[in-house]
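Protein chains in written order, with our numbering: chain U, 163 to 593; chain X, 163 to 593.
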């Protein structure tokens with residue numbers, strides 16, 4: 163990241179020593195956003211989708227600048243790239259967000275107190291949502307749409323790699339906000355100078371929540387430096403336990419799907435645990451499909467002995483660090499366990515508490531697993547790949563939260579709200 | 163705080179260089195607590211209440227040691243003191259917590275996905291709840307009861323001032339846990355050595371939530387040093403806006419009650435805002451009661467001119483710092499505002515977003531106030547003193563949260579839970 167890069171949207175910023183004035187403007191503007199009706203918010207977001215579509219050539223030209231500036235060897239290059247087709251996908255997602263039900267104004271609790279006061283707890287916008295992300299310009303659009311849909315303002319700190327793309331996108335959003343008579347500060351793209359990240363993380367007066375999206379290093383940095391409450395969308399170290407009573411055909415399908423269908427995502431399988439009793443019978447069943455995808459297996463001592471007899475070509479002996487490891491590629495570790503309790507202990511020790519599965523025909527054991535395993539999503543006889551806000555019917559998600567406060571599991575629109583207690587009285591005082 | 167004080171419960175600890183092993187034990191023990199049925203948890207807590215009552219003389223003797231060791235001039239001395247009557251109050255509160263409805267196991271969402279998977283979102287215990295507090299030994303009991311009621315384990319870091327009291331209380335709780343065949347590590351009293359606080363705040367692997375209870379300084383320290391998600395139970399800078407259409411009798415009752423009934427608490431009034439049109443008529447009405455309680459008034463220029471003509475004895479000119487100040491005593495500031503918008507701007511600038519009130523007979527203006535003011539609790543025509551979990555019908559509260567994530571306003575039993583997504587399938591895989 164360059165140390166001297168500034169957001170060209172506001173030329174004044176070139177002389178700016180602090181971003182606090184920008185954040186303050188967003189805080190002030192956020193109250194106008196919070197007061198917009200559901201219908202107006204939905205209209206506004208449809209209008210943004212249309213404007214992005216109409217101006218896609220501008221976005222593509224800006225993106226080309228970013229793309230050309232990035233080294234061809236940079237693994238982030240594909241994530242940075244926008245194409246006409248990708249923009250069409252983004253635009254369609256924005257229309258979908260516009261049509262999601264309003265998460266604000268829900269009455270969460272309602273009662274009349276003994277003294278006659280009418281008490282309500284309702285869902286209201288958080289206020290200002292801050293997002294720190296890396297080179298994906300689609301995040302700029304996704305987060306803006308979700309924040310505005312829920313009546314929030316957004317503070318965006320994208321990567322310097324994507325600065326031209328992000329500026330082009332935010333300029334288009336700003337023109338739509340202006341057309342609706344709203345302050346452009348409702349969507350604030352921050353300069354990418356690194357020192358401003360720390361400043362943002364200390365600005366608890368102006369920003370209500372920080373969501374880091376990106377590498378573990380970024381998340382760790384935010385966790386350690388933020389005084390603003392943070393939602394962590396962390397790594398997924400996901401286990402599937404094939405228990406001795408499992409239907410082996412189901413188990414094969416589930417393990418193969420969880421590992422190979424999209425290995426680069428957080429809900430993909432990392433470790434297969436298998437009961438001793440069925441290991442010899444089960445392990446060979448997954449090999450034909452694993453071989454198609456060239457899945458590299460890191461096997462513990464006992465499973466290695468079974469697997470080496472099959473001549474499977476991508477087999478290694480597991481080291482300790484291959485358990486609790488998020489592979490994000492066509493690799494997995496395998497371990498044989500002697501009991502249900504041993505499987506649970508292994509998961510307790512190595513899980514990142516994201517998504518955990520059991521395959522078993524023993525209903526009672528399945529229920530024990532679902533109750534006792536501490537993870538955001540727990541599965542019986544299904545692939546961990548289903549761990550997803552869209553699949554759960556929540557609409558677009560910002561990420562999968564692996565922490566326990568406020569949001570756990572898919573972090574979607576409804577979690578961009580907070581609660582407010584409203585009391586309507588007629589002169590009541592406390593005795 | 164002494165630098166070399168250790169918890170005498172575990173003599174081995176004298177040689178302990180780190181508290182991580184204690185926290186790990188609590189993490190392991192927490193799963194046994196999470197599996198206890200509602201009925202067993204309720205029984206356990208009633209048993210704790212009974213044991214505290216039976217052993218009250220032991221607690222009183224330990225408390226006397228702490229009390230005698232504290233300087234007579236220490237303002238914390240009264241908060242430290244336990245008496246037979248106070249213990250009876252604490253015991254009664256514990257019985258009440260035991261009878262609260264179980265906050266875990268609630269089905270928050272339930273649907274069948276198109277592929278036939280049964281999806282549920284349910285409330286489950288957080289796991290390990292950490293509390294850092296100062297000299298009130300009753301917190302040891304309250305927090306233990308609330309944590310256990312919701313299926314959590316508790317890590318307690320009390321002040322060194324109350325070490326004997328806390329040890330006596332926790333020993334009694336431990337004996338009850340043992341009687342129920344549960345590990346004593348479910349309630350872990352940490353040594354009071356200061357360096358362990360930082361260690362606790364970094365132990366995200368073992369502790370799921372940190373709740374600081376005490377001074378602003380303590381809360382600030384926790385916010386800056388914790389990598390564990392924190393619930394802030396912050397200060398209350400509370401305004402009451404007496405709008406020009408107000409019923410002046412209601413307004414007088416509400417302002418006097420909000421200021422004088424219990425000034426030391428966070429929901430007490432700090433600043434009165436009053437419309438220009440009614441200031442001359444309204445301000446003299448509050449003076450007779452204010453004089454009874456010797457309320458010191460810090461008045462802005464215009465209200466000072468009105469008030470000085472009354473000869474009110476406890477009148478001063480307000481300085482800038484008297485607005486946005488939490489008095490916690492029989493003091494308040496007064497300001498005259500020219501419009502509804504000016505009142506809202508003042509509150510936006512100075513409020514700590516805890517509890518804010520309007521007194522007005524204009525229904526529409528009341529609704530605008532309730533919608534636009536950003537605070538945990540907002541009131542129309544009622545005293546801010548009602549801002550309380552007990553009043554809201556939530557049972558015992560741990561504090562009033564002034565932040566927006568997870569819990570806002572009264573932080574009670576239901577917020578000691580997190581969510582878990584459970585998926586029951588029959589071999590489904592993702593396309």
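Every residue, glycine too, gets a C-beta built ideally from N, C-alpha and C. Note that this is a predicted model, so its numbers are computed, not measured.
| Is the Cβ of residue 466 of chain X closer than 8 Å to any Cβ of chain U? | Not a single C-beta of chain U is nearer than 8 Å to the C-beta of residue 466 of chain X.
| request: For residue 399 of chain U, decide whether its Cβ has a neighbour in chain X, counting only Cβ atoms nearer than 8 Å. | output: With 8 Å as the cut-off, residue 399 of chain U does not count as an interface residue toward chain X.
| query | Which residues bound the alpha helix (DSSP H) around residue 187 of chain X? | reply | First-last of the alpha helix (DSSP H) with residue 187 of chain X: 182-196.
| field | Cβ pair residue 628 of chain U, residue 327 of chain U closer than 8 Å | value | A query on residue 628 of chain U cannot be resolved here, the shown segment of chain U reaching from 163 to 593 and no further.
| request: Take the Cβ of residue 491 of chain X as the centre, count every other Cβ of all protein chains shown within 10 Å, and call the residue buried at 16 or more, exposed below. | output: In this structure residue 491 of chain X is exposed. Its beta-carbon is surrounded by fewer than 16 other beta-carbon atoms within 10 angstroms.
| task | Can you give me, in chain order, the residues of the segment 413-424 of chain U that have a beta carbon less than 9 Å from any beta carbon in chain X? | result | Hits within the stretch, in order: 413, 415, 416, 418, 419, 420, 423, 424.
| query | What did DSSP end up calling residue 560 of chain U once you bin it into helix, strand or coil? | reply | Strand.
| C-beta neighbour in chain U for residue 586 of chain X, strict 8 Å | So, interface residue.
| query | Cβ of residue 582 of chain U less than 8 Å from any chain X Cβ? | reply | It does: the Cβ of residue 582 of chain U has a partner Cβ on chain X nearer than 8 Å.
| Through-space distance from residue 577 of chain X to residue 286 of chain X, alpha-carbon basis | Rounded to the nearest angstrom, the gap between the Cα atoms of residue 286 of chain X and residue 577 of chain X is 10 Å.
| request: Please go through the segment 228-281 of chain U and give each complete alpha helix (DSSP H) segment of 4 or more residues, from N-terminal end onward. | output: Note on the segment 228-281 of chain U: whole alpha helix (DSSP H) runs with a minimum of 4 residues are 239-242, 246-260, in chain order.
| request: Return the residues of the segment 374-397 of chain U that lie within a Cβ-Cβ distance of less than 7 Å from chain X, sorted by chain order. | output: Taking 7 Å as the upper bound on Cβ-Cβ separation, chain X lies near residues 385, 386, 389, 391 of the segment 374-397 of chain U.
| According to the neighbour-count rule (16 or more other Cβ atoms, all chains shown, within 10 Å of its Cβ), is residue 231 of chain U buried or exposed? | Counting Cβ neighbours within 10 Å, residue 231 of chain U comes out exposed, since fewer than 16 surround it.
| message | I'd like to check one pair, residue 359 of chain X with residue 372 of chain X: are the Cβ atoms closer than 8 Å? | response | Contact annotation: residue 372 of chain X and residue 359 of chain X have beta-carbon atoms that are not nearer than 8 Å.
| query | Relative to the C-alpha of residue 202 of chain X, which residue among X:310, X:442, X:433, X:434 is closest? | reply | Among X:310, X:442, X:433, X:434, the Cα nearest to that of residue 202 of chain X is on X:310.
| Does the beta-carbon of residue 304 of chain U have 16 or more other beta-carbons within 10 angstroms, so that it is buried, or is it exposed? | By the neighbour-count rule (16 or more Cβ atoms within 10 Å), residue 304 of chain U is buried.
| request: Consult DSSP for residue 578 of chain X and reduce its assignment to one of helix, strand or coil. | output: If DSSP states are grouped into helix, strand and coil, residue 578 of chain X belongs with the helices.
| Does the distance from the C-beta atom of residue 228 of chain U to that of residue 324 of chain U stay below 8 Å? | The answer is yes: Cβ separation under 8 Å.
| task | Figure out for me which residue from U:515, U:470, U:464 has the closest Cα to the Cα of residue 486 of chain U. | result | If we check each option's Cα against that of residue 486 of chain U, U:515 comes out closest.
| field | chain X residues whose Cβ lies nearer than 7 Å to that of residue 516 of chain U | value | Using a Cβ-Cβ cut-off of 7 Å, residue 516 of chain U is close to nothing in chain X; its nearest Cβ partner there is about 11 Å away.
| field | Straight-line Cα distance separating residue 318 of chain U from residue 472 of chain U | value | Distance between the alpha carbons of residue 472 of chain U and residue 318 of chain U is about 52 Å.
| task | Tell me, please, whether the segment 243-259 of chain U touches the segment 211-223 of chain U by the rule of three or more beta-carbon pairs shorter than 8 Å. | result | These segments touch.
| Other residues of its chain near residue 279 of chain X: CB distance less than 6 Å, five sequence neighbours each side excluded | Excluding positions up to five away in sequence, the list reads 585, 587, 590.
| query | Would a C-beta distance cut-off of 8 Å place residue 207 of chain X and residue 259 of chain X closer than the cut-off? | reply | Yes, the Cβ-Cβ distance between residue 207 of chain X and residue 259 of chain X is below 8 Å.
| query | Considering only the beta carbon of each residue, do residue 321 of chain X and residue 340 of chain X sit closer than 8 Å? | reply | Result no, Cβ atoms of residue 321 of chain X and residue 340 of chain X do not sit closer than 8 Å.
| query | Between which two residues does the alpha helix (DSSP H) carrying residue 213 of chain U extend? | reply | Counting along the chain, the alpha helix (DSSP H) containing residue 213 of chain U begins and ends at 200-216.
| From residue 386 of chain U to residue 362 of chain U, what distance separates their C-alpha atoms? | Straight through space, the alpha carbons of residue 362 of chain U and residue 386 of chain U are spaced by roughly 13 Å.
| said: On the CB-based measure, 16 or more other CB atoms within 10 Å of its CB, does residue 552 of chain U come out buried or exposed? | reply: Exposed.
| task | Under 9 Å between beta-carbons, which chain U residues line up against residue 127 of chain X? List them in chain order, please. | result | The structure shown does not extend to residue 127 of chain X, since chain X is modelled only from 163 through 593, so no value can be given for it.
| Is residue 544 of chain X helix, strand or coil by DSSP? | Strand at residue 544 of chain X.
| message | The beta strand (DSSP E) that contains residue 519 of chain U, what's its start and end? | response | Where residue 519 of chain U is concerned, the enclosing beta strand (DSSP E) stretches over 517-521.
| With a CB to CB cut of under 6 Å and the five nearest residues on each side skipped, what residues in its chain are close to residue 174 of chain U? | For residue 174 of chain U, the predicted model reports a pLDDT of 46, less than 50, meaning its position is unreliable; a value from the coordinates is still stated below. Around residue 174 of chain U: no qualifying Cβ.
| query | By DSSP, does residue 501 of chain X sit in helix, in strand, or in coil? | reply | The three-state reading of DSSP puts residue 501 of chain X in coil, since its state is none of H, G, I, E or B.
| said: Quick check on residue 163 of chain X - is its C-beta less than 8 Å from some C-beta in chain U? | reply: With a pLDDT of only 33 at residue 163 of chain X, under the threshold of 50, the placement of this residue in the model should not be trusted; the figure read from the coordinates follows. Contact of residue 163 of chain X with chain U is not assigned, every C-beta pair being separated by 8 Å or more.
| Should residue 269 of chain X go down as buried or exposed, given a rule of 16 or more other Cβ atoms within 10 Å for buried? | Exposed is the label assigned to residue 269 of chain X, since fewer than 16 other Cβ atoms lie within 10 Å of its Cβ.
| Interface residues of the segment 539-563 of chain X facing chain U [CB-CB below 8 Å] | Of all residues in the segment 539-563 of chain X, 539, 540, 541, 542, 543, 544, 545, 547, 548, 549, 553, 554, 555 have a Cβ within less than 8 Å of some Cβ in chain U.
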